[in-house]
Amino acid sequence: MENSVEKSRIARLLDNDVWHSYIRSPVAIISSIVTLIAIFGALFAPFLAPNDPFDMVAIDIMDSSLPPAWQLDGDPRFLLGTDDQGRGILSTIMYGARISLFVGFASVIFSMVVGITLGLISGYVGGRVDAFIMRIADIQLSFPAILIALLLDGVARGIVPKELHEDVTIYVLVFAIGISGWVQYARTVRGSTLVEKNKEYVQAARVIGIRRGTILRRHILPNVMGPVMVIATIHLAIAIITEATLSFLGVGVPPTTPSLGTLIRIGNEYLFSGEWWITIFPGAALVILVLAVNLLGDWLRDALNPKLR
Amino acid sequence: MKLRHGLMVAAAAAAIAVAAPVVKAETFKYAFQGNLSSLDPHSLNETFLLVSLGNIYEGLSIYDDNLGIQPGLAESWETIEPTKWKFNLRKGVKFHNGNDFTAQDVVFSWQRALSEGSDQKVRASKIKAIEVIDDHTIIIETPAPNPILTSDLVFVYIMDKEWSEKNKTASATSASADNTGNYANLHSNGTGPFKVVDHKADVKTTFDRNPAYWSKIKSNVTKVEFTPIKEAATRVAALISGELDLVYPIPVQDWKRLDEAEGVKALAGPEARTIFLGMDQSRDELLYSNIKGKNPFKDIRVRQAFAHALNLEAIKKKVMRGAATPTGLMVAPQINGFVEELNTPYAYDPAKSKALLVEAGYPDGFEVTMDCPNNRYVNDEKICQAAVSMLAKVGVKVSLLAQPKSKYFGKVLSSGGFDTSFYLLGWTPGTMDSENVLSSLLSCQNKETKTGLFNLGNYCNPKVDELTKKVGSETDQVKRNAMIKEIFQTVKDEYGYLPLHQQPLSWGVSDRVTVSQRADNGLDFRYVVVNK
Amino acid sequence: MVSFLFKRLLQSVIVMFTVGLIAFSMFRFVGDPINNMVGQDTSEQERIELRERLGLDDPFLVQFGRFALNAVQGDFGMSYKYRVPVSGMIFERMPATLELSFVAAILSLALGIPLGVYTALKRNSFLSKLIMTTSLVGVSLPTFLTGILLILFFGVVLRWLPTFGRGDVVEFSAWSTGFLTVSGLKSLILPSITLALFQMTLIMRLVRAEMLEVLRTDFVKFAKARGLPNRLVNFKHALKNTLVPVITITGLQLGSLIAFAIITESVFQWPGMGLLFIQAIADVDIPIMAAYLVLIAFFFVLINMIVDILYYAVDPRLRADNE
Chain A
135 MENSVEKSRI ARLLDNDVWH SYIRSPVAII SSIVTLIAIF GALFAPFLAP
185 NDPFDMVAID IMDSSLPPAW QLDGDPRFLL GTDDQGRGIL STIMYGARIS
235 LFVGFASVIF SMVVGITLGL ISGYVGGRVD AFIMRIADIQ LSFPAILIAL
285 LLDGVARGIV PKELHEDVTI YVLVFAIGIS GWVQYARTVR GSTLVEKNKE
335 YVQAARVIGI RRGTILRRHI LPNVMGPVMV IATIHLAIAI ITEATLSFLG
385 VGVPPTTPSL GTLIRIGNEY LFSGEWWITI FPGAALVILV LAVNLLGDWL
435 RDALNPKLR
Chain B
25 MKLRHGLMVA AAAAAIAVAA PVVKAETFKY AFQGNLSSLD PHSLNETFLL
75 VSLGNIYEGL SIYDDNLGIQ PGLAESWETI EPTKWKFNLR KGVKFHNGND
125 FTAQDVVFSW QRALSEGSDQ KVRASKIKAI EVIDDHTIII ETPAPNPILT
175 SDLVFVYIMD KEWSEKNKTA SATSASADNT GNYANLHSNG TGPFKVVDHK
225 ADVKTTFDRN PAYWSKIKSN VTKVEFTPIK EAATRVAALI SGELDLVYPI
275 PVQDWKRLDE AEGVKALAGP EARTIFLGMD QSRDELLYSN IKGKNPFKDI
325 RVRQAFAHAL NLEAIKKKVM RGAATPTGLM VAPQINGFVE ELNTPYAYDP
375 AKSKALLVEA GYPDGFEVTM DCPNNRYVND EKICQAAVSM LAKVGVKVSL
425 LAQPKSKYFG KVLSSGGFDT SFYLLGWTPG TMDSENVLSS LLSCQNKETK
475 TGLFNLGNYC NPKVDELTKK VGSETDQVKR NAMIKEIFQT VKDEYGYLPL
525 HQQPLSWGVS DRVTVSQRAD NGLDFRYVVV NK
Chain C
20 MVSFLFKRLL QSVIVMFTVG LIAFSMFRFV GDPINNMVGQ DTSEQERIEL
70 RERLGLDDPF LVQFGRFALN AVQGDFGMSY KYRVPVSGMI FERMPATLEL
120 SFVAAILSLA LGIPLGVYTA LKRNSFLSKL IMTTSLVGVS LPTFLTGILL
170 ILFFGVVLRW LPTFGRGDVV EFSAWSTGFL TVSGLKSLIL PSITLALFQM
220 TLIMRLVRAE MLEVLRTDFV KFAKARGLPN RLVNFKHALK NTLVPVITIT
270 GLQLGSLIAF AIITESVFQW PGMGLLFIQA IADVDIPIMA AYLVLIAFFF
320 VLINMIVDIL YYAVDPRLRA DNE
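Residue numbers (our numbering), protein chains in the order written: chain A, 135 to 443; chain B, 25 to 556; chain C, 20 to 342.
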């Protein structure tokens, strides 16, 4: 019974308001298409990319710094030209987006899980637990993601054996970016929980003896998912940017498996060299991807807020 | 203050007017990627710091713009016994505060360079004793015959004894807390052609011309401003926009742009630094490899296979944009002991390389990790990446660990226990003599004799060690060079190291100035001229 | 009231202690500082002696105890690299960072508030939508890229503005200001825009959201119904109610502005604390890193505490909770 109520609520939401808002918003349609293309391209990069930029045997230094294919010295094998090592720019962008999106999604999911769990507990249990969690949140908020990531990266490099550095860097990034984002989820969820837990249906559920965990999961969680999705979308954009910034500061993923941010950092060294494609294409790819995600988040916020309609 | 400053400028201008008809104050502004961490000449053994301070302080001998040894604070010298040198000190030289330069200052500075906290102990310990004959004559005794003493003394800068003692800076600035606020760290008083008027470490340092300098110099500059700028793009932008007269280093790929831009150009030249790859040849099993129970690099055929797998021309052309000099020797042409006929690099021959690997018992190659710095040498990380790709083509799978220099050196140097199997390193012998390379890089690791401490892979041949010892005390240049040649020949035949190239000096210069680019990447203000 | 203050103070102390401990323990792992303090060919024996003199081989707790005790007295030791007291270096750099952050904050408020009000009032106009969308472009560019592009365009191509540094500064004993010289002011433009861009978008969106909320409230509707002119209602009543949360958030953001200055400072070679910190990381100059982190934590704790106390003074419910 509860299931069907819940399902119909979600279905109604999608079928009516959100969907209609989506259909009427060209910005939302375009940005979602862009995002999907990016995800698709990244996910299937090994099958779609014209060359494999991580295959050391295939890379030839003599192919380095070739301009895009349509220019005079261009090579048809490399549509967007090559970088300083002879890797095709198009392929590195596809593989790079894969890493950027992985870091983005993984850190968002990480902070979502932590944030929602702590927010639910904080709001539902209240009292000392609530005060404790919220205080930690305050402390956490005082440190920007970048500073936390710099700290954690340093610690990780010290603890982890040297030969594993390259393998763990990406998880350190996910953890660092994720851990600095949970507070927003926790606060939002806590707020909604406080409202929901005093509503009659929750009271009723409690009276008939449904366990606390079940109540939280079945009744309260679905009601807070709307705002959480909005935060998650914007957080995804922030996570991708943060990863790029950390790469610039030198604590990003290793350059042998570059993310979009690492590609831009490398490209920076070619800003004055006339080899504009090494900088411009990865930069444009990053901006377009993040912009699309941001626009989606923006639209979602308005669409889910019935007051603004 | 203001008035005095004006007078000084006027005096400086008057002094220059003798050489060239200049009256106006000329300011020269430049930037380097690193910073001037201290003004104390004995605080840090780093080329940039030493060369920069060489504009304020001087040694008994000095380098000219070709790194030739010239008389500095010593007018002349002679060897009276194999271990005894007589130095005639220059008369009439004054420190910036007006004090006279005498033999006592030399003794004091030598002792200070040996003091706790000094990073110049190695150079200072080339002197065993100093005997003062009179105010302007000293006899220096060396622990062993040392044919290159005057090279060793270039960077042993002379400070004013009276000034140092008055300001309680009689021992070198050290990092330990018991030496708080060392005066010489932030203040200076040398004999050089320029003096520091304002110094904020890591922000800006301003120099003024020393009007009382003892020698005529080429420069017409009256004021110099130095700013450290870490980001290469910011450096290049500041040059092109006309805010600075000189920035270095600049990325080699930006040369074309600089030459196209108006009013600036790239200034390139060969640096005396040799970049090479080294292999762990001493452990019975490599630390970072999939081959267990034996060390492939102990087999000369494997080292040979590596040598023939590297395409130095491709690295030169593509990574270094034509700006490197591929080399077969561990020293550059500017270094004493360089042997032209040994300088041909190992031939690029991947087929031969593969065959050698098969012969050595690795038909499918093997895996090894390579250590590489990413902010120390010109395009260091890119060279490593290129090498990885070249070795992949003969079947050797190299995983690259590229790190900032602090982490890299912490791992591979003796302090990290030589924790590497395969690495890239660069080396400039500070004395401009091969002996430094022989004892630091080619001798067996030996903590007692302090030799081979930068021989990270411990290439070890007792015959080389023995010859190196002889080179250290041989004063006959011809015999000495013959022994140096024999060592280089041996190391080359044994594929002890894989030399790659001499990296280029890469400066960006405004057309407003003419500068002289020294092979140790040093900027000497004496040769900076603002063009009319 | 006293117990509330005491609680907050105790919490702040715990926060500072935790930050200190984390910062300090992390430093043990970032690399061997010796390699940056001596030249490449300094002998092994001298390296060992230096380690001993610096106490780098002491047990962890001993090192931390020494650090904490000195830090409380404002002594963060000597910089490994520059060999001068760290607190002096940090205070020397502080004006540069604070001036940059201050200008950036003013800039983001001065642009963010009017744009936010406009986009809220004319919610469906084309211009509003354009502003909303382009503001997103601003936050979709990584800060370092924005900075480099600004340098490229205004510094190199047009040559209007300086590409790096602070220009000429005027010194007032401990404070050096770039506000009083032409080159100092010109040097501020590009870095402060770079730093402000993100905050501006944030403030604009915040103002817009708050405005929309307030405009829907009964008292605004009532005021409009009473026939008060729109302009008066919008600005006198609606905006006034919007500004309280905006100013609070801006205050809290000031801390992150200082931290974000790290990136701006390294792109523009701005001689502030952030640049000092990022170079200290590269040089493994532990005392500088420790001092910077503790100082930033102190700023945050201070701002948080002021905000807390203000809330406490304003909101009677909090008092009821605590007493």
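Each residue gets a CB set at the ideal place from its N, CA and C atoms; glycine is no exception.
Contact list for the region 155-167 of chain C against chain A, Cβ threshold 7 Å: When C-beta distances to chain A are compared with 7 Å, the residues of the region 155-167 of chain C below that value are 155, 156, 158, 159, 160, 161, 162, 163, 164, 167, in chain order.
Any idea what DSSP makes of residue 218(C), helix, strand or coil? Residue 218(C) falls in the helix class under three-state DSSP.
Report the partner residues of residue 94(B) according to the DSSP bridge assignment. 86(B)
Using a Cβ-Cβ distance cut-off of 8 Å, determine whether residue 279(C) contacts chain A. Closer than 8 Å to some Cβ of chain A, the Cβ of residue 279(C) qualifies, so yes.
Mind checking if residue 363(C) is an interface residue toward chain A, Cβ cutoff 8 Å exclusive? With chain C represented from 20 up to 342, any question about residue 363(C) goes unanswered, as that position is not in the structure.
How big is the Cα-Cα spacing for residue 187(B) and residue 197(B)? 15 Å
Does any C-beta atom of chain C lie closer than 8 Å to the C-beta of residue 201(B)? Unreliable placement is indicated for residue 201(B), whose pLDDT of 46 sits below 50; the coordinate value is still reported in the next sentence. For residue 201(B), the answer is yes, since a Cβ of chain C falls inside 8 Å of its Cβ.
Residue 415(B) and residue 300(B) - do their beta-carbons sit closer together than 8 Å? no
Nearest-angstrom Cα separation, counted from residue 243(B) out to residue 44(B): Unreliable positioning characterises residue 44(B) in this predicted model, as indicated by a pLDDT of 45, which lies under 50. The coordinate reading is nonetheless provided below. Approximately 10 Å, taken between the alpha carbons.
So what does residue 449(B) bridge to, in DSSP terms? 300(B)
Please name the residue in 374(A), 219(A), 341(A) whose C-alpha comes closest to that of residue 242(A). Taking only the C-alpha atoms, the option nearest residue 242(A) is 374(A).
Chain-ordered residues of the region 399-426 of chain A with a beta carbon less than 8 Å from chain B: 402, 403, 404, 405, 406, 407, 408, 409
Apart from the five residues just before and just after residue 433(A), which ones in its own chain have a Cβ nearer than 6 Å to its Cβ? 159, 162
If you reduce the DSSP assignment to three classes, tell me which class residue 371(B) lands in. coil
Counting C-beta neighbours from all protein chains within 10 Å, is the total for residue 323(C) 16 or more, i.e. buried, or is it exposed? By the 10 Å Cβ count, residue 323(C) comes out buried.
Anything in the region 204-218 of chain A with a Cβ closer than 8 Å to a Cβ of chain B? List those residues in chain order, please. 218
Identify the continuous beta strand (DSSP E) that holds residue 233(B) and give its terminal residues. 228-233
Let me know if residue 318(A) comes out buried or exposed under the rule of 16 or more other beta-carbons within 10 Å of its beta-carbon. buried
Check each residue of the region 303-314 of chain B: if its Cβ is closer than 8 Å to any Cβ of chain A, include it; give the result in chain order. 312
Below 8 Å, how does it come out for the region 209-226 of chain B and the region 151-159 of chain B: are there three or more Cβ pairs, yes or no? Not touching, per the Cβ criterion.
As assigned by DSSP and simplified to three states, the class of residue 119(B): coil
Looking only at C-alpha atoms, which of 247(C), 127(C), 87(C) sits nearest to residue 32(C)? When only C-alpha atoms are compared, the closest one is 87(C).
Evaluate contact between the region 410-426 of chain B and the region 276-294 of chain B, counting only Cβ atoms and requiring at least three cross-stretch pairs below 8 Å. no
Residue interval of the beta strand (DSSP E) (run including residue 531(B)): 521-534
In angstroms with no decimal places, state the Cα-to-Cα distance between residue 109(C) and residue 305(C). 13 Å
Residues of its chain near residue 130(C), where Cβ-Cβ distance is below 7 Å and the 5 sequence neighbours each way are ignored: 219
Compare the C-beta of residue 278(B) against all C-beta atoms of chain A and say whether one is closer than 8 Å. It does: the Cβ of residue 278(B) has a partner Cβ on chain A nearer than 8 Å.
Let me confirm a value: residue 425(A) is counted as buried when at least 16 other C-beta atoms fall within 10 Å, else exposed. Which label applies? buried
Return the Cβ separation of residue 267(B) and residue 181(C) in integer angstroms, given the expectation that the two are a contact with Cβ distance under 8 Å. 6 Å
Within 9 Å of chain A by C-beta, residues of the region 301-323 of chain C in sequence order: 301, 308, 312, 315, 316, 318, 319, 320, 322, 323
Output the residue ranges of the alpha helix (DSSP H) runs that lie fully inside the region 221-284 of chain B and measure 4 residues or longer, sorted by chain position. Inside the region 221-284 of chain B, DSSP marks whole alpha helix (DSSP H) runs of 4 or more residues at positions 256-264, 279-284, from first to last along the chain.
Only counting the same chain, and skipping five residues up and downstream in sequence, which positions put a Cβ closer than 7 Å to that of residue 320(C)? Contacts found: 31, 34, 35.
Tell me the DSSP bridge mates of residue 105(B)? As a beta-bridge residue in DSSP terms, residue 105(B) pairs with 108(B).
Spell out a yes or no on whether the region 282-300 of chain C and the region 142-160 of chain C are touching, meaning 3 or more CB-CB pairs, one atom from each, closer than 8 Å. no
Taking the alpha carbon of residue 216(B) as the point to measure from, which residue in 76(B), 485(B), 397(B) has its own alpha carbon closest? Each of 76(B), 485(B), 397(B) was checked against the Cα of residue 216(B), and the nearest Cα belongs to 76(B).
Under a CB-based cut-off of 8 Å, is residue 429(B) close to chain A? no
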